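In the numbering used here, the protein residues as written are 3 to 253.
Right under this line is the structure:
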């Protein structure tokens, strides 16, 4: 079914499964931000990743409706259309409808918002843990959210549901194997440090070749990665110049 503005509003967002799910999602995101993030975000990876995944699922839900409306813009704006016996003006279901622009704004806001939490998780816990875990949480949240809002579970057979559950189990098992088979343990103290303090700690120890417990990379590589994430190319370039100056002094 083509997702026009009328179809999205009448058949999906106005149904209990649609608006109840979105209300519960908003409540859960608010709870995570207000209660769990200040207390547990730097100790447990899933806090930031759940925030990122839930917000990203809204991006996926909005993007599905927006993309369908965008692809039908040509035919909708070419001539008048008839919907439920009512003649509609050109572009009334796409560019001239308020839902089209609301979905576009939702996509932009939630994409940036979720990226902020993903960036925090990567700076605090590192890519090895964050990326595969986020792959699972984002995929699961996006599939479930889109399926509930657009009523995709209603047409799913029992064997299809079993395959879906088996796929989720396999994905989470793979993530567990990747994140559990790590050679270098991360100290709890170093993990709790804010990214700025991690860089300062590494800078204090780099000349003596002492690496704080929990740092998985060489000091300069670790500093460069966090510097690029935190301060962009300017700080990364400064670290590179300092490294070159040290090499020149040694020669």
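Using N, Cα and C, we set each Cβ at its ideal position, and we do this for glycine too. In this text, all values refer to a predicted model and were calculated from it rather than measured experimentally.
Counting along the chain, the unbroken beta strand (DSSP E) around residue 83 starts and ends at 83-85. Out of 130, 5, 165 and 30, the CA that lies nearest to the CA of residue 72 is found in 5. A residue is called buried once 16 or more other Cβ atoms fall within 10 Å of its Cβ, and residue 46, having fewer, is exposed.
Shown here for residue 89: same chain residues with a beta carbon closer than 7 Å to its own, the five before and five after excluded, namely 82 in chain order. For residue 124, the enclosing alpha helix (DSSP H) stretches over residues 100-127. Taking a contact as a CB-CB distance under 8 Å, the pair residue 135 and residue 51 counts as one, their CB atoms being some 6 Å apart. Taking the CA atoms as reference points, residue 33 sits about 30 Å from residue 12. Here the segment 144-163 does not lie against the segment 92-110, with fewer than 3 beta-carbon pairs under 8 Å apart. By the neighbour-count criterion, in which a residue is buried when 16 or more other Cβ atoms sit within 10 angstroms of its Cβ, residue 54 is buried. Taken through DSSP and simplified to helix, strand or coil, residue 158 comes out as coil. Distances from the alpha-carbon of residue 177 to those of 121, 106 and 141 put 141 closest. Between the alpha carbons of residue 84 and residue 103 lies a distance of about 22 Å. In this structure, residue 147 lies away from residue 70, with their beta-carbon atoms at least 8 Å apart. Within the DSSP secondary-structure output, residue 89 pairs in a beta bridge with 84. Between residue 172 and the set 144, 151, 150 and 137, the nearest pair of CA atoms involves 137. The straight-line gap separating the alpha-carbon atoms of residue 100 and residue 124 is approximately 36 Å.
Ranked by Cα distance from residue 77, the options 67, 150 and 97 are led by 97.
In this structure, the straight-line span from the alpha carbon of residue 151 to that of residue 15 is close to 7 Å. For residue 68, the uninterrupted alpha helix (DSSP H) segment begins and ends at 47-73. Going by beta carbons, residue 109 and residue 65 fall inside the 8 Å limit.
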